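Reviewing the structure listed below.
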Amino acid sequence: MAAFTPDAEGVTRWIDSYFAYCLDHPEVQGIWMQRRLSDAADLGDLESRFRTPTVSRSAELLKPAFQPNVDMHPAVSEMIWSIHCFLEGGVMAEEGKRLYADSPAVRRRFLTHLHKYVAWVAKP
Numbered sequence: 021m022a023a024f025t026p027d028a029e030g031v032t033r034w035i036d037s038y039f040a041y042c043l044d045h046p047e048v049q050g051i052w053m054q055r056r057l058s059d060a061a062d063l064g065d066l067e068s069r070f071r072t073p074t075v076s077r078s079a080e081l082l083k084p085a086f087q088p089n090v091d092m093h094p095a096v097s098e099m100i101w102s103i104h105c106f107l108e109g110g111v112m113a114e115e116g117k118r119l120y121a122d123s124p125a126v127r128r129r130f131l132t133h134l135h136k137y138v139a140w141v142a143k144p
């Protein structure tokens with residue numbers, strides 16, 4: 021990823037980079053989906069070893085780019101969660117048809133939505 025800049029463009033690059041990483045490593049969202057279904061009970065320290073440090077470091081990095089009233093941990097969690105859920109289950113289209121991440125057009129549509137979210141909560 022190019023050097024981070026504390027603005028909407030920097031956050032957009034962060035999202036695109038994380039999205040590309042997850043697309044290339046489907047096991048990332050797979051293990052978290054299993055965990056959410058309580059199907060990874062034998063992996064008791066996942067949150068403390070992986071999730072918490074990732075969210076905390078990301079929140080610290082991204083904080084200067086966001087409006088001062090944004091609660092960073094939920095904001096970062098929301099972006100990460102959205103990416104994982106999209107890559108696992110796609111999104112629902114207007115006509116009720118589910119659209120999946122295997123389509124480049126659907127991926128562009130999803131990322132455009134996340135970029136609009138960033139434009140709303142980040143500094144210009």
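Per my numbering, residue 21 is the first one in the sequence shown, and the count goes up by one each step.
For glycine and all other residues, C-beta sits at the position ideal for the given N, C-alpha and C.
From a predicted model like this one, the values you see are computed outputs, not experimental measurements.
Query raised in the report: Would you say the beta carbon of glycine 109 comes nearer than 8 Å to a heavy atom of the ligand FMN?
Result: Looking for the ligand FMN in the displayed structure turns up nothing, as the structure carries no ligands at all.
Report task. Please report the Cβ distance between valine 90 and valine 138, rounded to the nearest whole angstrom; I am assuming they are in contact, meaning their Cβ atoms lie under 8 Å. Result -> Here residue 90 refers to the residue found at position 70 of the sequence shown. Here residue 138 refers to the residue found at position 118 of the sequence shown. In fact, because the Cβ distance is near 11 Å, the residues do not count as touching under 8 Å.
Query raised in the report: Less than 9 Å separating the beta-carbons of leucine 134 and leucine 43?
Result: Within the sequence shown, the letter at position 114 stands for residue 134. Within the sequence shown, the letter at position 23 stands for residue 43. Not a contact, by the Cβ cut-off of 9 Å.
Report task. Report buried or exposed for glycine 109, applying the criterion of at least 16 other Cβ atoms within 10 angstroms of its Cβ. Result -> Mapped onto the sequence shown, residue 109 falls at position 89. Glycine 109 is exposed by the Cβ-count criterion.
Query - Anticipated Cβ contact below 8 Å, methionine 99 with isoleucine 51, distance rounded - result: Here the question's residue 99 lines up with position 79 in the sequence shown. Here the question's residue 51 lines up with position 31 in the sequence shown. In fact, because the Cβ distance is near 18 Å, the residues do not count as touching under 8 Å.
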